[in-house]
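Heads up: the sequence lines are chains A and B, in that order. Terminal number for the first sequence in full-length UniProt numbering: 700, no gaps in between. Terminal number for the second sequence in full-length UniProt numbering: 380, no gaps in between. All residues carry an ideal CB built from backbone N, CA and C; glycine is no exception. This report concerns only the one structure given below.
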Amino acid sequence: MSTPSKDSLSQVETTCGSLLYELKIIWDEVGEGDAERDKMLLELERECLEVYRRKVDLANKCRAQLRHAIADSEAELAAICSAMGERPVHIRQSDQTPRRSLKAELRAILPELEEMKKRKSDRRNQFLEVLEQIQKIEKEINATSSNIVLDETDLSLRKLEELHTKLQTLQREKSDRLKQVLEHLNSLNSLCLVLGMDFKQTVHEVHPSLSETEATKSISNDTILRLASAIEGLLEVKIQRMQRIQDLATSLIELWNLMDTPVEEQQMFQSVTCKIAASEQEITEPNMLSLEFINYVEAEVSRLETLKSSKMKELVFKKRSELEDICRKTHILPESDTSLEVAIEAIESGAVDAGSLLEQIEILIGKVKEEAFSRKEILEKVEKWMGACEEECWLEEYNRDDNRYNAGRGAHLTLKRAEKARALVNKLPGLVEALAVKTITWENERGVEFTYDGVRLLTMLEDYKILRQQKEEERKRQRDQKKLQGQLMAEQEALFGSKPSPIKPQSAKKGGRLSMGGVSNRRLSLGGAHATPKSDVHSTRAAATPNTRPAKKLDRQLSNKDDGFGSQLTGRRGLETAGNKKHNPNELEPTFRKPFSPISSKVKVTETDMKHEMLQKTFQTNTSPFITPSKPKPTTTEEENRIPQKNIIPILAFTPCAQMQTTMTPVKTMVHEEEVVIEYSFEERRAGFVLPRSHLKTMV
Amino acid sequence: MKTKKKIFQKFEFKPPKEFETPFQIPNPPKPSSSTGTLKMTAAVPPLTGRELSNPPSDGISNLRFSNHSDNLLVSSWDKIVRLYDASENVLRGEFTHGGAVLDCCFHDDNSGFSASADNTVRRLVFNQQREDILGRHDAPVRCIEYSYGTGQVISGSWDKTLKCWDPRGASSQERTLVGTYTQPERVYSLSLVGNRVVVATAGRHVNVYDLRNMSQPEQRRESSLKYQTRCVQCYPNGTGYALSSVEGRVAMEFFDLTEAGQSKKYAFKCHRKSEAGRDIVYPVNTIAFHPVYGTFATGGCDGFVNVWDGNNKKRLYQYSKYPTSIAALSFSRDGRLLAVASSYTYEEGDKPHEPDAIFVRSVNEVEVKPKPKVYPNPAT
């Protein structure tokens with residue numbers, strides 16, 4: 001059967017014929033009937049037909065399939081083309097061209113389809129790429145992503161173009177926003193710099209991505225809004241601070257002007273003051289408005305202000321002392337003395353403005369100066385009178401000195417002085433008279449009393465006159481007495497053959513005078529220096545300190561005074577003017593006395609008769625404070641800080657804080673051991689520590 | 001700020017040579033109206049500073065800050081030495097003694113020393129909660145100091161001696177005791193600077209020793225003040241010492257014995273109250289120098305703490321009044337903290353008094369920084 005297929009049909013035919021022949025032979029041999037033979041042949045024929053039909057059906061079906069495939073491909077191709085917006089390449093070519101077999105057609109169309117499919121997928125990828133980019137940018141801008149789905153049906157170039165333009169606009173917007181964000185960041189940075197804030201920190205609060213240099217910066221609406229609001233907030237702060245620092249600068253300049261602050265010191269705040277009128281944009285220096293800087297400037301302002309207040313206070317003090325000085329020089333009692341004191345205190349407490357006080361004092365000074373001018377002439381005379389009185393005093397003393405004619409060093413000078421003094425003393429009554437006349441005219445002119453250190457001058461003069469008279473009388477009496485004594489002595493001499501030494505009473509006198517020290521009533525000494533409030537303060541405080549020392553001193557003084565009086569009874573000529581209680585006790589007693597030691601007043605009451613002498617002595621001993629009045633009582637302070645004497649030790653046991661005297665708590669330990677008191681510290685007392693005897697012995 | 005200081009020197013001038021110089025007491029600066037608008041209102045700390053919890057139950061005899069941390073060592077009459085962490089406000093340790101503890105000091109952050117009324121000098125080891133007895137005096141030990149220069153402990157006692165101890169030879173007392181130096185009187189206060197030891201005793205004696213030659217005092221002095229010495233404290237710059245008395249006065253002394261050196265010394269009154277024309281005078285219990293600025297704080301029985309500028313003779317600051325006497329003061333190593341012991345010091349005998357308390361306050365620069373003299377020659 002391996003015949004070539006070409007001949008297969010004829011071969012089949014032959015084999016069919018041969019088979020029929022074989023069948024006829026068989027039938028012949030078998031002897032089959034014709035009917036049987038026909039039936040068989042018919043069946044054969046039918047079976048053959050069946051086979052044929054089946055084959056044709058099969059072929060038909062195959063053709064239909066082919067056609068279908070072609071149609072499908074064509075449809076797909078068309079769909080792709082339409083999706084891509086291209087003219088279909090393959091439209092009914094079969095109509096125009098001679099009909100090709102179906103298989104050829106299919107073969108022709110398939111590669112085309114493949115090609116189109118490839119192109120479509122390419123296009124699709126392009127779309128996807130663009131869409132992805134769009135989506136990304138949108139996400140960046142809106143923070144939310146509207147998920148765009150690719151529309152497979154429209155992949156045309158136009159659409160692609162559309163998408164591209166959309167992408168471009170988005171990209172432009174993105175870059176715009178980026179620029180805006182950067183701008184914001186820049187301004188934020190400059191603001192932070194000026195305000196002295198941490199830029200990174202601020203930006204991080206707005207959006208974490210902004211503070212990182214590498215990462216892409218967030219450009220969403222939200223971020224931009226927040227950036228803007230942050231800038232606005234900072235700007236507001238900046239303006240506030242700017243106003244603040246300009247306020248500070250203004251006060252700085254005011255203070256500088258007021259106090260002539262040196263330029264170098266000003267230079268440090270140049271940066272502040274040069275911006276005093278700057279607008280908000282002009283302030284760009286880093287840290288110009290930082291809190292630390294503002295605080296620094298503020299501290300400077302407050303420092304200057306304290307300076308100013310203390311300077312003002314100093315000025316007030318200076319002016320006040322100037323006023324006092326003038327008053328002292330012209331022997332006017334500063335009338336508003338206490339009120340000034342109060343005012344100073346008020347400044348210190350901040351209740352009164354130093355400036356107005358200064359003005360007040362200035363006015364007072366003016367007034368006092370004016371008054372001083374009118375008093376000048378009289379004062380000069382008074383000065384002269386005082387000088388004369390002094391000389392008189394000296395002369396008197398000198399006259400009393402029985403050794404005055406002993407030739408010693410400087411004796412000739414003393415003699416000369418005495419001569420001059422005598423001449424002066426002779427002129428004294430006239431001087432007093434003239435002074436009185438002048439004073440009266442002055443008083444009449446002004447309608448006020450002429451006071452000298454608070455004492456009416458006329459009274460002083462009057463007192464002086466009376467005193468002089470008394471002295472005169474006393475002198476007369478003394479002369480008589482001397483005469484008598486002379487007689488007595490002569491008698492004694494007659495009896496015992498010697499004269500008593502004349503020096504004796506004098507030594508007693510001297511001791512008495514020395515002991516007077518700087519105590520007693522200075523107010524009445526003509527010095528006047530101590531009438532100023534400055535010395536008031538010192539002396540009152542010293543007197544008020546409840547130490548035992550002043551009391552002791554007082555005792556000593558009192559006893560000394562007694563001594564003094566004992567020897568000094570004799571009427572001496574001198575300036576017993578102001579304090580003369582017989583004539584004007586009322587004028588001198590009140591108020592002035594109070595600030596001073598209570599000693600004098602006590603003396604006054606008890607030992608009135610002795611007073612003249614006292615006063616005179618104080619006058620003599622206190623001449624030095626009269627000349628240099630600015631040094632008030634150096635003795636007290638020095639004594640307080642001096643190394644103590646032995647008698648201090650018993651006081652120590654008490655620990656002499658005044659507090660212990662005022663409060664009632666009894667301090668129990670005061671160990672008396674053979675008159676020696678040992679000091680103990682608080683701790684020793686608390687611990688109950690007592691020095692053993694052996695130690696005590698060594699201490700004694 | 002650096003330049004500021006330089007300019008201020010312009011204002012300095014030589015202080016007048018009066019022995020008694022009244023300190024200038026500035027007014028508190030008034031708030032200016034122009035700057036008031038934007039004033040930052042910081043939270044106002046309590047005026048007295050933060051009070052430490054778990055304070056001693058009886059009188060505080062001394063307190064000291066460590067040189068290395070903010071630890072605070074406090075000795076008390078309740079026989080206990082306490083170690084606090086001042087910044088954390090924590091009580092770190094307690095050391096019970098046989099008697100009242102009159103003084104204490106740090107060695108380093110791990111150990112310290114104490115002086116007790118039971119005559120002992122002790123070494124305290126903080127992290128082991130252990131205490132060794134370094135040695136004994138014949139009477140209560142009043143004060144104690146540690147010298148970093150020589151590594152010795154110096155104690156002063158009411159037995160009229162000063163003793164130096166070497167804490168390293170802890171085993172036997174013979175080895176720890178370096179020397180005993182007789183004083184003219186009971187030792188009341190001690191202070192150390194560099195190699196100098198200043199010993200203040202009863203009877204107003206002051207002895208100045210050189211630690212390298214303790215055989216006899218370098219200087220024997222008498223206090224310039226008339227009354228009992230309460231406290232002595234050396235200047236941080238080592239040129240002298242401040243000495244306070246029971247009579248509201250502080251003397252500023254200098255070691256330099258030349259005339260020029262001695263001309264600088266002066267004394268001033270403080271811790272006084274004027275009432276109805278009388279001065280009430282309070283003892284000055286303690287002096288503490290600021291480690292940075294050299295200014296110093298004094299505490300008195302009036303309950304006030306004053307800060308002074310010794311060079312310019314000015315009072316810089318007065319803190320608001322504490323409930324009772326100021327028994328002790330100490331600045332921390334950097335001067336940012338000031339520990340204040342407000343504790344009755346028995347100045348009026350046994351009487352009811354405010355509870356003992358320790359306040360730790362943070363120190364403002366303004367309160368301790370020296371200010372130049374204000375305009376010595378006011379213009380116009």
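Exercise for review: Determine the closest residue to residue 401/A out of 450/A, 418/A and 465/A, with distance taken between C-alpha atoms.
Suggested key: Working through the first sequence from its first residue, we reach residue 401/A at position 401. For the residues 450/A, 418/A and 465/A, the minimum Cα distance to residue 401/A belongs to 418/A.
Under 9 Å, Cβ to Cβ, is there at least one residue of chain B near residue 680/A? Residue numbering aside, residue 680/A sits at position 680 when the first sequence is read from its first letter. Answer yes: the Cβ-Cβ gap between residue 680/A and chain B drops below 9 Å somewhere.
- prompt: Under a CB-based cut-off of 9 Å, is residue 691/A close to chain B?
  reply: Counting from one through the first sequence, the residue named residue 691/A turns up at place 691. Taking Cβ atoms only, chain B reaches closer than 9 Å to residue 691/A, which makes this a yes.
Quiz item: Which same chain residues, not among the five before or five after residue 352/B, have their C-beta less than 8 Å away from its C-beta?
Solution: Residue mapping note: residue 352/B aligns to position 352 of the second sequence, counting from 1. Contacts found: none.
> Looking at the structure shown, is residue 437/A part of a helix, part of a strand, or coil, going by DSSP?
Replying inline: Residue 437/A sits at position 437 when you count from the first residue of the first sequence. Reduced to three states, the DSSP call for residue 437/A is helix.
*chain A partners of residue 345/B, CB-CB under 7 Å?*
Position 345 of the second sequence holds residue 345/B. Here the neighbours are 682.
| If you measure beta-carbon to beta-carbon, which residues of the UniProt repeat "WD" (134-166) of chain B are closer than 8 Å to chain E? | In the structure shown, chain E cannot be found, because the protein chains are A and B.
From 76/B, 113/B and 298/B, residue whose alpha carbon lies closest to that of residue 318/B
Residue mapping note: residue 318/B aligns to position 318 of the second sequence, counting from 1. Checked all of 76/B, 113/B and 298/B; the closest Cα to residue 318/B is 298/B.
task = With residue 48/A as the anchor, note down where its alpha helix (DSSP H) starts and where it stops.
result = For this step, residue 48/A is matched to residue 48 along the first sequence. Per DSSP, residue 48/A belongs to the alpha helix (DSSP H) from 34-84.
Selected residue, minimal CA-CA separation from residue 689/A, among 274/B, 115/B, 159/B and 337/B | Residue 689/A sits at position 689 when you count from the first residue of the first sequence. It is 159/B.
- Look at residue 382/A and residue 435/A and say whether their C-beta atoms are less than 9 Å apart. Within the first sequence, numbered from 1, the residue matching residue 382/A stands at position 382. Within the first sequence, numbered from 1, the residue matching residue 435/A stands at position 435. Taking 9 Å as the Cβ cut-off, residue 382/A and residue 435/A qualify as a contacting pair.
Between the alpha carbons of residue 291/B and residue 204/A, how many angstroms are there, rounded? What you label residue 291/B is simply residue 291 of the second sequence in a count that begins at 1. What you label residue 204/A is simply residue 204 of the first sequence in a count that begins at 1. C-alpha separation (whole angstroms): 41 Å.
- request: Thinking residue 360/B and residue 50/B are a contact (beta carbons under 8 Å), I'd like their distance in whole angstroms, please.
  value: Sequence index remark: in the second sequence, residue 360/B carries index 360 (1-based). Sequence index remark: in the second sequence, residue 50/B carries index 50 (1-based). The pair is a contact, with the Cβ atoms about 5 Å apart (cut-off 8 Å).
- Query: How would you call residue 52/A, buried or exposed, if buried means at least 16 neighbouring beta carbons within 10 angstroms?
  - Reply: Along the first sequence, read from residue 1 onward, the residue named residue 52/A stands at position 52. By the 10 Å Cβ count, residue 52/A comes out exposed.
Please work out which residues of its chain come closer than 6 Å, Cβ to Cβ, to residue 333/B, disregarding the five sequence neighbours upstream and downstream, and give them in chain order. Within the second sequence, numbered from 1, the residue matching residue 333/B stands at position 333. 67, listed in sequence order.
Compare the C-beta of residue 278/A against all C-beta atoms of chain B and say whether one is closer than 9 Å.
-> The residue you call residue 278/A lines up with position 278 of the first sequence. Not one chain B Cβ lies under 9 Å of residue 278/A.
| What is the DSSP secondary structure of residue 341/B, counted as helix, strand or coil? | Along the second sequence, read from residue 1 onward, the residue named residue 341/B stands at position 341. Here residue 341/B sits in strand by DSSP.
> Given 8 Å as the limit, is there contact between the segment 261-276 of chain A and the segment 213-232 of chain A, that is, 3 or more CB pairs closer than that?
Replying inline: no
> If you compare alpha carbons, which of 177/B, 54/B and 105/B is closest to residue 73/B?
Replying inline: Residue 73/B sits at position 73 when you count from the first residue of the second sequence. The candidate whose alpha carbon is nearest that of residue 73/B is 105/B.
### Which of helix, strand or coil DSSP assigns to residue 310/B
Counting from 1 along the second sequence, the entry for residue 310/B is found at position 310. Of the three classes helix, strand and coil, the one that applies to residue 310/B here is coil, per DSSP.
Quiz item: Whose Cβ in chain B lies nearer than 7 Å to the Cβ of residue 687/A?
Solution: As a working note, residue 687/A is residue 687 in the first sequence. Within 7 Å Cβ-Cβ: 100, 117 and 140.
message: Cutting at 8 Å between CB atoms, please list the residues of its own chain near residue 220/A, excluding the five before and the five after it.
response: Along the first sequence, one-based indexing puts residue 220/A at 220. Within the same chain, residue 220/A has close Cβ partners 140, 141, 142 and 143.
Find the residues of chain A that neighbour residue 188/B, judging by a C-beta separation of less than 7 Å, and give them in chain order. For the purposes of this step, residue 188/B is taken as the residue at position 188 of the second sequence. The answer, in chain order, is 681.
* Determine which residues of the segment 230-248 of chain B have a Cβ less than 8 Å from any Cβ of chain A, and write them out in chain order. => 230, 246, 247 and 248
| query | Is residue 17/A helix, strand or coil by DSSP? | reply | Locating residue 17/A in the first sequence gives position 17, where the first residue counts as 1. Three-state DSSP puts residue 17/A in a helix.
Practice prompt. With a threshold of 16 other CB atoms inside 10 Å of the CB of residue 148/B, please say whether the residue is buried or exposed.
Written response: Along the second sequence, one-based indexing puts residue 148/B at 148. Burial call: exposed.
Practice item. Identify the continuous beta strand (DSSP E) that holds residue 127/B and give its terminal residues. Key: Counting from 1 along the second sequence, the entry for residue 127/B is found at position 127. Residue 127/B -> no beta strand (DSSP E), and no H or E assigned at all.
With a threshold of 9 Å between beta-carbons, can residue 299/B be considered close to chain A, or not?
Position 299 of the second sequence holds residue 299/B. No, residue 299/B does not count as interfacial toward chain A.
Q.
Contact criterion: CB-CB distance below 9 Å. Does residue 421/A meet it with respect to chain B?
A. Within the first sequence, numbered from 1, the residue matching residue 421/A stands at position 421. With 9 Å as the cut-off, residue 421/A does not count as an interface residue toward chain B.
field: Proximity of residue 439/A and residue 458/A at Cβ, strictly below 9 Å
entry: The residue given as residue 439/A occupies position 439 in the first sequence. The residue given as residue 458/A occupies position 458 in the first sequence. In contact: residue 439/A and residue 458/A (Cβ atoms closer than 9 Å).
Exercise. Identify the continuous beta strand (DSSP E) that holds residue 396/B and give its terminal residues.
Key: Chain B is shown from 1 up to 380; residue 396/B falls before or after that span and cannot be answered.
inquiry  = For residue 366/B, would you say it is in contact with chain A, using Cβ-to-Cβ distances shorter than 9 Å as the test?
reply    = By 1-based counting over the second sequence, the position of residue 366/B is 366. By this cut-off, residue 366/B is an interface position.
Inset, instruction - Just tell me which of 153/A, 164/A and 233/A has its CA closest to the CA of residue 132/A. - result: The count along the first sequence starts at 1 and reaches residue 132/A at position 132. Residue 132/A has its Cα closest to that of 164/A, out of 153/A, 164/A and 233/A.
| Listed from N- to C-terminal order along the chain, which residues in the segment 294-322 of chain B have their beta-carbon within a distance smaller than 9 Å of any beta-carbon of chain A? | 301 and 302
- Please determine if the segment 195-212 of chain B and the segment 258-276 of chain B are in contact, where contact requires at least 3 C-beta pairs separated by less than 8 Å. no
**Study point:** Proximity of residue 235/B and residue 289/B at Cβ, strictly below 9 Å
**Key:** Taking the first residue of the second sequence as position 1, residue 235/B is located at position 235. Taking the first residue of the second sequence as position 1, residue 289/B is located at position 289. Yes, they are a contact pair.
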